[in-house]
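For reference, each letter of the sequence shown is one residue, going 1 to 501 in UniProt numbering. Cβ atoms here follow ideal geometry from the backbone N, Cα and C, with glycine treated the same way.
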Amino acid sequence: MATVDGGKHGKLAPAVIMAGSGAPALRCTQMGAQLRTSAGFTALVFLVCLLSIATRMPDTLAVFWPTNALLLGLLLRNPTAATPSTWVGAAAGYLFADLVTGSDLPRALLLNSANMIGVLVGFYGFRRLRNLDLSLTRGSSVTWVAAVSVTAAGSAATVGGFIDVILFGDSWPRGALYWFAYELLNYTVVLPLVLSSPAIRFPTPAHRPSAEALAQLRLQGKRVAVPLILLLATAPVAWMMGGLGALTFSMPALIAAALLGHVFITTLFIAVATAWGITLAVYPPNAMPTMPEGPISISTLIGLALLAGGPLVIACATTERQRIYAALHLAMTRDDLTRAYRRDEFMRRADIALAEAARRSQPVALLMMDLDHFKRLNDTFGHGAGDRALADFADTVRDCTDETALFARMGGEEFAVLLPEASRETALDIAELIRSRQRAATTGEFGDLGATVSVGLVYAAAPLTDLLAAADAALYRAKSSRRDTVVVADDPNPTVPVGWR
1 MATVDGGKHG KLAPAVIMAG SGAPALRCTQ MGAQLRTSAG FTALVFLVCL LSIATRMPDT
61 LAVFWPTNAL LLGLLLRNPT AATPSTWVGA AAGYLFADLV TGSDLPRALL LNSANMIGVL
121 VGFYGFRRLR NLDLSLTRGS SVTWVAAVSV TAAGSAATVG GFIDVILFGD SWPRGALYWF
181 AYELLNYTVV LPLVLSSPAI RFPTPAHRPS AEALAQLRLQ GKRVAVPLIL LLATAPVAWM
241 MGGLGALTFS MPALIAAALL GHVFITTLFI AVATAWGITL AVYPPNAMPT MPEGPISIST
301 LIGLALLAGG PLVIACATTE RQRIYAALHL AMTRDDLTRA YRRDEFMRRA DIALAEAARR
361 SQPVALLMMD LDHFKRLNDT FGHGAGDRAL ADFADTVRDC TDETALFARM GGEEFAVLLP
421 EASRETALDI AELIRSRQRA ATTGEFGDLG ATVSVGLVYA AAPLTDLLAA ADAALYRAKS
481 SRRDTVVVAD DPNPTVPVGW R
């Protein structure tokens, strides 16, 4: 047992003791979290296996076995969860599901060894690659997902071929090929679904979805209606007509979903369409629901996998194109440094806002703002400090206004804010708030050499050009008088700011 010096280091003794006593508690907390994670994976694997075993036909594999792809996808998304206890828990989930459904222990061990090997190879074979991209936000990421799927399916099939020889008396090539086809279909359908699924976030009073986010959600819901209607319309037709061609009847719905550019929604449609395709293959229209025709052919399984891959590629390419367009649009409409609107975009949006205000016979407020002595700050502290001052001022303006305000950098150190829903008093309060916060921030960082702000304000119902001219005139008066002040266009004298000396 170590002793603690109570002499000149005596004051440190409690801290040392606390640090030492806290380490076991921290380890216990971490161990508890790992055990909860492992238990969660065990329960998930067990439940999904039970559902999958229900689709198993006599003397063959389960018709649909998503467990392996689900487990691999979750671990690829959360690599830190791949602890020894998680792997042991997953193996236990596989084993228990087989045992409780009537399999003997040797059979359960054999079947699930192939399952575990496929997931292990798929995880450890790719997770350390630096350029690995499983985001499904660009076309190239589909190649990586396909590589993971083929590798995991091939690894499981290599072992599965021997298991087929032992359990079903089949030849290794045929057993391995069947196993590969089943696994490839499951990985192709389920792995993208898991990798692209959004994180679930429940809204709180402090973090409610914005109006723009809700509008986008409603728009996405309307767009989903098109592929959903197509899928519901083609499903009964495929059932009535039958034949291998019926497996492709869902393709228009899948392509329509893919063109939306939402990968997760596309993978949901792919999963539903694939499940329906498997149903058509196992229970064709001329067969009784309780009398399956037999195992699905290898070509049908691989064909379904390829059909699933096509819409996924389209969805990822569409997403990438939309992202590039959004970045280009942002570069064209927003100032790089301040993230405020560029002048042209501001003029366009302001005209729309003014037209709406005119329809309601509602005056609007326009603020023209210019940083005082900005050149002096630039020359004294350098252009880096000047850029930082501009960016910080833009943040100040955003903090003082709401989402209805249109904020733009008009050029150099001159900015404008259109307040389409503010009263004259509110606009004055906002202008003074911006002025006072800018003064406090810039003097706190640069002292007397900081760049304060002068503001010209106009409140009227007039065309944009007239508003800009009036606000510019008020700004000129503010700059000519004392700077660091707010001047209203219809007021002949500068407004003396609160606290000005």
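Whether residue i touches residue j by CB criterion (7 Å)
i: Leu337; j: Leu390; result: yes
i: Leu95; j: Ala108; result: yes
i: Leu304; j: Gly277; result: yes
i: Leu419; j: Ala405; result: yes
i: Tyr341; j: Ala451; result: no
i: Gly122; j: Ala97; result: no
i: Ala253; j: Leu280; result: no
i: Leu475; j: Met368; result: yes
Reduced DSSP category for residue i - H, G, I as helix; E, B as strand; rest coil
i: Tyr187; result: helix
i: Gly261; result: coil
i: Val486; result: strand
i: Ser454; result: strand
i: Glu421; result: coil
i: Leu231; result: helix
i: residue 520; result: The question about residue 520 has no answer here: the residues shown for the chain are numbered 1 through 501.
i: Asn78; result: coil
i: Arg321; result: helix
i: Pro205; result: Per-residue confidence for Pro205 stands at a pLDDT of 48, beneath the threshold of 50, marking its modelled position as unreliable; no derived number is given.
i: Ser481; result: helix
i: Gly169; result: coil
i: Pro292; result: Residue placement at Pro292 is poorly supported in this model, since its pLDDT is 46, which falls under 50; the coordinates still yield a value, given next. If DSSP states are grouped into helix, strand and coil, Pro292 belongs with coil.
Inter-residue spacing [alpha-carbon to alpha-carbon] between residue i and residue j
i: Arg343; j: Gly411; result: 8 Å
i: Ala441; j: Asp472; result: 25 Å
i: Phe202; j: Ala233; result: Unreliable positioning characterises Phe202 in this predicted model, as indicated by a pLDDT of 45, which lies under 50. A coordinate reading is not provided.
i: Ile154; j: Thr401; result: According to the sequence as given, residue 154 is Gly; it is not Ile. Each residue's Cα considered, the two are about 58 Å apart.
i: Trp87; j: Ser38; result: 8 Å
i: Thr267; j: Leu99; result: 32 Å
i: Ser85; j: Phe46; result: 15 Å
i: Arg483; j: His373; result: 9 Å
i: Val165; j: Trp172; result: 6 Å
i: Ala355; j: Ala394; result: 26 Å
i: Ser197; j: Phe264; result: 6 Å
i: Leu312; j: Leu464; result: 47 Å
i: Arg360; j: Ala257; result: 40 Å
i: Ile434; j: Leu74; result: 47 Å
i: Ala206; j: Asp335; result: Here the model assigns Ala206 a pLDDT of 48, short of 50, so the residue's position is not dependable, and the following value carries that caveat. Cα-Cα distance, rounded: 29 Å.
Counterpart residues of residue i in DSSP-defined beta bridges
i: Glu414; result: Asp370, Gly411
i: Val364; result: Ala460
i: Arg334; result: Tyr341
i: Ala62; result: Arg56
i: Leu406; result: Leu418
Local Cβ density within 10 Å of residue i, reported as buried at 16 or more and exposed below that
i: Arg36; result: exposed
i: Gln362; result: exposed
i: Glu413; result: buried
i: Thr204; result: Interpretation of Thr204 is limited by its pLDDT of 47, a score under 50 that renders its predicted location unreliable; no figure is taken from the coordinates.
i: Glu403; result: exposed
i: Val119; result: buried
i: Ser52; result: buried
i: Leu76; result: buried
i: Ile270; result: buried
Any non-hydrogen atom of the ligand NAD within 6 Å of residue i CB
i: Ala33; result: Of the ligands one can find in the structure shown there are none, so the ligand NAD has no counterpart to examine.
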